[in-house]
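Visitor: Could you have a look at this structure, given as structure tokens, before my questions?
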Amino acid sequence: MSVLTLYKRQITVARVYDIPVRIDLRWFVVFGLSVWLIAVNLAHGGMWVGSFTLRAVGDLTAWMLAVTTTLGLFLSVFGHELSHALMARAEGIEIEEIVLHPFGGLARMRKEPESPRAEFRIAIAGPAASFLFAVVAFVLLLPVVRLGYEAAAGVLMLLAAGNLLLAIFNLFPGYPLDGGRVLRAIIWGRSGNIREATRMAGVCGMLIAAILIIFGVYMCFAPNFRAYFMGFWSVLVGLFLFDAAYSVVKHTRRQVQNVVSEAMSSPFSIEPDLLISQFIDSILPLHRQVAFPVARQQQLHGILSLEDLKSLPREKWHLTKAGEVMRPIAPRFFVEPNATLDYARELMKRNGIGSVAVVGKNGELVGFLQNGTFKKKKR
Ligand SMILES: [Zn+2]
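Following this line, the structure appears as structure tokens:
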């Protein structure tokens with residue numbers, strides 16, 4: 015494992031509601047950085063939230079508070095993701111894993127939501143949880159301040175501010191942020207076209223990312239406003255978001271142009287002279303297909319469908335050749351390699367065998383396409 019891939023290596027740290035929670039090594043770097051920043055600020059009394067300024071505390075107290083606050087912030091991110099995950103489960107979607115990475119988290123779903131309504135609910139659950147955490151931290155803050163626990167008040171304030179920021183930032187309407195998912199659900203619900211909705215929400219995501227990057231650079235270089243760390247962080251998050259949004263947009267574009275040759279499997283065919291008994295004994299167990307091209311010297315003769323074999327009595331298996339029971343070649347059974355997948359899908363739906371042979375210009379068999387064996391397009 016090289017140094018470059020080492021940081022991507024994930025560690026499972028917990029299992030919550032039977033969902034594995036994973037972190038990667040970069041997470042420790044960010045954790046350490048966060049602890050250090052908060053501790054140094056607390057020790058020097060430079061910590062302020064709103065109009066509230068904290069007095070400097072001793073070194074040990076500062077570090078302990080910094081660790082507590084950072085843990086609280088990461089638990090907040092986890093709570094946000096868990097909220098997505100539990101809502102997804104309520105919508106009938108299982109969660110593969112929750113990943114905490116330096117820029118937040120991700121609840122990886124096994125499949126995409128099936129309706130705009132489900133998408134909306136799953137997306138909004140995260141920011142709703144963060145907002146709730148912020149309110150709870152703020153409500154706890156009042157008695158703590160009254161009792162004079164200044165340090166604890168500082169932790170609660172940071173947690174309230176952090177969660178509020180998490181809720182607001184995630185509601186920015188750019189995919190793949192939660193707000194972008196909400197936007198996608200709305201466009202999807204109105205137009206009925208998820209691909210177009212994804213593309214538009216993704217473009218918004220790229221725009222927001224670009225604004226974050228420009229804003230970050232401005233924070234670093236503008237006179238009287240040299241917030242290097244904030245600026246640098248904004249640029250990093252912007253780049254990360256841009257990359258994710260761009261790949262989503264690119265993906266939707268590519269799916270429009272998907273052609274048969276990208277999805278077909280290499281051609282496996284049987285000879286017209288092959289006896290059905292031989293076919294059933296030695297070929298069928300090795301190939302999970304419902305239809306087989308029948309070809310001789312790469313020239314397609316027809317298609318043998320398992321559906322058709324059902325009507326053939328068992329005692330005739332060793333007397334019948336594939337060529338006698340196959341469906342003779344007809345336009346609805348084959349496509350050219352450069353045909354679109356949409357067309358091939360339509361053909362497979364109508365031709366009754368759930369598959370098509372892929373045939374080159376001179377009638378030679380070059381591939382085979384079967385329903386469900388290639389990656390399904392997003393609706
Ligand atoms: Zn979220």
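Residue numbering for the sequence shown follows the working numbering, starting at 15 and increasing by one per position. Ideal Cβ placement from N, Cα and C applies to all residues, glycine included. Please read these numbers as outputs of a predicted model, since none were measured by experiment.
1. Would you kindly work out how many angstroms separate the C-alpha atoms of A28 and I112, rounded to a whole number?
2. Can you tell me the Cα-Cα spacing of F382 and S291, whole angstroms?
3. Can you tell me the Cα-Cα spacing of V274 and V44, whole angstroms?
4. Would you list the one or two residues that DSSP bridges to K335?
5. I'd like the span of the beta strand (DSSP E) that includes V30, first residue to last.
6. State yes or no: is the C-beta of H98 nearer than 7 Å to some heavy atom of ligand 1?
7. Considering only C-alpha positions, which residue in the set M340, E276 and R204 is nearest to P351?
8. Beta-carbon separation of N184 and G252 under 8 Å?
9. Would you tell me roughly how many angstroms separate the C-alpha atoms of L318 and A353, rounded to the nearest one?
10. Cβ-heavy atom distance between N177 and ligand 1 below 7 Å?
11. When we look at the beta-carbon of H301 and count the other beta-carbons within 10 Å, is it buried (16 or more) or exposed?
12. Going by other Cβ atoms of all chains shown within 10 Å of its Cβ, with 16 needed for buried, is S90 buried or exposed?
13. Can you tell me the Cα-Cα spacing of I200 and N177, whole angstroms?
14. Of all the beta strand (DSSP E) runs that stay within the bounds of the region 314-382, which reach a length of 3 or more residues?
15. Measure the beta-carbon distance from H94 to L180 and round it to whole angstroms, keeping in mind my assumption that it falls under 8 Å.
16. Work out the CA separation of G374 and Q271 for me, nearest whole Å.
17. Would you call the region 70-84 and the region 121-140 touching, i.e. three or more CB-CB distances under 8 Å?
18. Of all the options F134, L100 and A142, which has the alpha carbon lying nearest to the alpha carbon of R122?
19. Using DSSP with H/G/I as helix, E/B as strand and the rest coil, what is Q271?
20. Counting only the same chain and skipping the five closest in sequence on each side, list residues whose C-beta sits under 6 Å from that of D73.
21. Checking 8 Å against the spacing of the C-beta atoms, do R341 and G377 come in under that value?
22. With distances taken from CA atoms, which of V54, S279 and V217 is nearest F256?
23. Can you give me the C-alpha to C-alpha distance between R213 and R204, rounded to a whole angstrom?
24. Out of R103, S144, A137 and A165, which one is the CA nearest neighbour of R124?
25. Whole angstroms is fine: what's the gap from M233's alpha carbon to F243's?
26. Measure the CB-CB distance between S369 and V304 and report whether it falls below 8 Å.
27. In chain order, which alpha helix (DSSP H) runs of at least 4 residues are fully inside the region 127-175?
28. In the DSSP assignment, what are the bridge partners of E111?
29. Write down the C-beta distance between A2 and M220 rounded to the nearest angstrom, noting that I regard them as a contact closer than 8 Å.
30. Which residue wins for smallest C-alpha separation from E133, given the options L197, M171, I33 and F42?
31. Pick out whichever of F347, G366 and I25 has its Cα sitting closest to the Cα of V405.
32. What is the rounded straight-line gap between the Cα of K390 and the Cα of Q384?
33. Taking L314 and L379 to be in contact with their CB atoms under 8 Å, please state how far apart those CB atoms are, rounded to whole angstroms.
34. Go to R36, then tell me how far its beta strand (DSSP E) extends in each direction, as first and last residue.
Guide: With the given structure in hand:
1. Position 14 of the sequence shown holds residue 28. Position 98 of the sequence shown holds residue 112. Straight-line spacing of the CA atoms in A28 and I112 works out to 10 Å.
2. Looking up residue 382 in the sequence shown gives position 368. Looking up residue 291 in the sequence shown gives position 277. F382 and S291: Cα-Cα distance of roughly 23 Å.
3. Working through the sequence shown from its first residue, we reach residue 274 at position 260. Working through the sequence shown from its first residue, we reach residue 44 at position 30. Cα-Cα distance, rounded: 45 Å.
4. To locate residue 335, count along the sequence shown from 1; it is residue 321. Under DSSP, K335 forms a beta bridge with L289.
5. Locating residue 30 in the sequence shown gives position 16, where the first residue counts as 1. For V30, the enclosing beta strand (DSSP E) covers residues Q24 to V30.
6. Position 84 of the sequence shown, counted from the start, is the residue given in the question as residue 98. It does: the Cβ of H98 is within 7 Å (strictly closer) of some heavy atom of ligand 1.
7. Sequence index remark: in the sequence shown, residue 351 carries index 337 (1-based). Selected option, being the one with the closest Cα: E276.
8. Numbered from its first residue, the sequence shown carries residue 184 at position 170. Numbered from its first residue, the sequence shown carries residue 252 at position 238. Cβ distance not < 8 Å, so N184 and G252 don't count as in contact.
9. Position 304 of the sequence shown, counted from the start, is the residue given in the question as residue 318. Position 339 of the sequence shown, counted from the start, is the residue given in the question as residue 353. If I take the Cα positions, the gap works out to 22 Å.
10. Along the sequence shown, read from residue 1 onward, the residue named residue 177 stands at position 163. The answer is no for N177.
11. Translated into the one-based positions of the sequence shown, residue 301 becomes position 287. With fewer than 16 other Cβ atoms within 10 Å, it is exposed.
12. Start at 1 with the first residue of the sequence shown, and residue 90 comes out as number 76. Under a 10 Å Cβ-count criterion, S90 is classified as buried, with 16 or more other Cβ atoms of the shown protein chains found around its own Cβ.
13. Along the sequence shown, one-based indexing puts residue 200 at 186. Along the sequence shown, one-based indexing puts residue 177 at 163. Annotation: I200 to N177 spans about 25 Å, alpha carbon to alpha carbon.
14. The qualifying runs are 369-373.
15. Against the sequence shown, residue 94 aligns to sequence position 80. Against the sequence shown, residue 180 aligns to sequence position 166. Rounded, the Cβ-Cβ distance is 6 Å, consistent with contact.
16. For the purposes of this step, residue 271 is identified with residue 257 of the sequence shown, where counting begins at 1. For the purposes of this step, residue 374 is identified with residue 360 of the sequence shown, where counting begins at 1. Because Q271 carries a pLDDT of 46, less than 50, the predicted location of this residue cannot be relied on, and no value is offered for it.
17. Using a Cβ-Cβ distance cut-off of 8 Å, the region 70-84 and the region 121-140 are not in contact, since fewer than three pairs of beta carbons, one from each stretch, lie closer than that value.
18. Numbered from 1 along the sequence shown, position 108 holds the residue referred to as residue 122. Measuring from the Cα of R122, the nearest candidate turns out to be L100.
19. Counting from 1 along the sequence shown, the entry for residue 271 is found at position 257. Only weak support exists for where Q271 lies, its pLDDT of 46 falling under 50; the value from the coordinates is given anyway. Judged by DSSP in its simplified three-state form, Q271 adopts helix.
20. Numbered from 1 along the sequence shown, position 59 holds the residue referred to as residue 73. Closer than 6 Å at the Cβ level, and outside the excluded window around D73, lie A57.
21. For the purposes of this step, residue 341 is identified with residue 327 of the sequence shown, where counting begins at 1. For the purposes of this step, residue 377 is identified with residue 363 of the sequence shown, where counting begins at 1. No. Outside cutoff.
22. Looking up residue 256 in the sequence shown gives position 242. Nearest of V54, S279 and V217 to F256, Cα basis: V217.
23. Walking along the sequence shown from the start, residue 213 turns up at place 199. Walking along the sequence shown from the start, residue 204 turns up at place 190. Taking the straight line joining both Cα atoms gives about 15 Å.
24. Residue 124 sits at position 110 when you count from the first residue of the sequence shown. Closest by alpha carbon: R103.
25. The count along the sequence shown starts at 1 and reaches residue 233 at position 219. The count along the sequence shown starts at 1 and reaches residue 243 at position 229. Each residue's Cα considered, the two are about 9 Å apart.
26. Position 355 of the sequence shown holds residue 369. Position 290 of the sequence shown holds residue 304. Cβ distance < 8 Å, so S369 and V304 count as in contact.
27. List check, alpha helix (DSSP H) in window: 130-160.
28. What you label residue 111 is simply residue 97 of the sequence shown in a count that begins at 1. DSSP, once it has assigned bridges, lists R122 as partnering E111.
29. No answer is possible for residue 2: it lies beyond the span of the chain, which begins at 15 and ends at 393.
30. On the sequence shown, position 119 is the one that residue 133 refers to. By alpha-carbon distance to E133, the top candidate from L197, M171, I33 and F42 is L197.
31. Lying outside 15 to 393, the shown extent of the chain, residue 405 is not represented and no answer is given.
32. The residue you call residue 390 lines up with position 376 of the sequence shown. The residue you call residue 384 lines up with position 370 of the sequence shown. Since pLDDT at K390 reaches only 43, below the 50 mark, its modelled position is unreliable, and no value is offered.
33. For this step, residue 314 is matched to residue 300 along the sequence shown. For this step, residue 379 is matched to residue 365 along the sequence shown. The pair is a contact, with the Cβ atoms about 5 Å apart (cut-off 8 Å).
34. Here residue 36 refers to the residue found at position 22 of the sequence shown. Following the DSSP letters along the chain, one finds R36 inside the beta strand (DSSP E) bounded by residues I33 to D38.
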